[in-house]
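**Student:** Dropping a structure here in structure tokens format, bear with me for questions.
Given below as structure tokens:
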């Protein structure tokens with residue numbers, strides 16, 4: 859069955875009417891009718907604002923990763939402060955390891971977060987389709 863979204867969407871409310879059901883979140887409505895191959899999502903400023911609000915906020919991952927990396931690099935500088943000549947390779951290898959192990963937990967977290975969001979979207983779409991079929 860095809861879904862019909864009303865043409866008027868409030869910038870404040872962001873609720874739409876789908877299949878005579880009022881008050882459906884606009885994003886849920888767009889996701890529920892865009893399951894086909896023809897949907898293409900174009901990124902805009904709202905996506906960047908959402909990313910900044912989620913990832914750069916108090917509970918976001920980027921500030922934690924940055925603080926952890928700064929602490930590790932400070933310890934790294936203290937460790938190799940008076941190193942002998944010829945230890946440049948050790949310094950490069952150590953800095954690469956610090957960079958990898960600092961950013962890796964954040965990157966793994968992003969994958970799990972994305973999978974969680976996709977599963978949540980599918981549950982919402984399934985529930986929405988079940989509700990509209992009654």
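In this note's numbering, the protein residues as written are 859 to 992.
Each residue gets a CB set at the ideal place from its N, CA and C atoms; glycine is no exception.
1) Given this structure, state the Cα-to-Cα distance separating residue 980 from residue 958, to the nearest angstrom.
2) Roughly how many angstroms separate the alpha carbons of residue 904 and residue 910, rounded to a whole number?
3) Kindly indicate which three-state DSSP category residue 942 falls into: helix, strand or coil?
4) State buried or exposed for residue 881, treating a residue as buried only when at least 16 other CB atoms are found within 10 Å of its CB.
5) For residue 887, does the count of other Cβ atoms within 10 angstroms reach 16, so buried, or fall short, so exposed?
6) In three-state terms, what does DSSP make of residue 919?
7) Quick one: what's got a C-beta closer than 7 Å to residue 974's C-beta in the same chain, skipping five residues either side?
8) Please report how far the alpha carbon of residue 951 lies from the alpha carbon of residue 907, in whole angstroms.
9) Using the C-alpha atoms, what's the distance from residue 918 back to residue 912?
10) Please report how far the alpha carbon of residue 977 lies from the alpha carbon of residue 902, in whole angstroms.
11) Considering only C-alpha positions, which residue in the set 884, 937, 931 and 990 is nearest to residue 960?
12) Using a Cβ-Cβ cut-off of 6 Å (strictly less than) and excluding sequence neighbours within five positions of residue 982, which residues of its own chain qualify?
**Tutor:** Let me lay it out:
1) Locating residue 980 in the chain shown gives position 122, where the first residue counts as 1. Locating residue 958 in the chain shown gives position 100, where the first residue counts as 1. Going from the Cα of residue 980 to the Cα of residue 958 covers about 33 Å.
2) To locate residue 904, count along the chain shown from 1; it is residue 46. To locate residue 910, count along the chain shown from 1; it is residue 52. About 10 Å.
3) For the purposes of this step, residue 942 is taken as the residue at position 84 of the chain shown. Residue 942: coil per DSSP, three-state reduction.
4) Within the chain shown, numbered from 1, the residue matching residue 881 stands at position 23. Label assigned to residue 881: exposed.
5) Here residue 887 refers to the residue found at position 29 when the chain shown is read from its first residue. Its Cβ being crowded by 16 or more others within 10 Å, residue 887 is buried.
6) Taking the first residue of the chain shown as 1, we reach residue 919 at position 61. Here residue 919 sits in helix by DSSP.
7) The residue given as residue 974 occupies position 116 in the chain shown. Excluding sequence neighbours, residue 974 sits near nothing in its chain.
8) Translated into the one-based positions of the chain shown, residue 951 becomes position 93. Translated into the one-based positions of the chain shown, residue 907 becomes position 49. Using only the alpha carbons, I get a separation of about 36 Å.
9) Within the chain shown, numbered from 1, the residue matching residue 912 stands at position 54. Within the chain shown, numbered from 1, the residue matching residue 918 stands at position 60. Answer to the nearest angstrom: the Cα atoms are 6 Å apart.
10) Within the chain shown, numbered from 1, the residue matching residue 977 stands at position 119. Within the chain shown, numbered from 1, the residue matching residue 902 stands at position 44. Roughly 23 Å separates the two Cα atoms.
11) On the chain shown, residue 960 is found 102 positions in, with the first residue counted as 1. The shortest Cα separation from residue 960 among 884, 937, 931 and 990 belongs to 931.
12) Looking up residue 982 in the chain shown gives position 124. Within the same chain, residue 982 has close Cβ partners 886.
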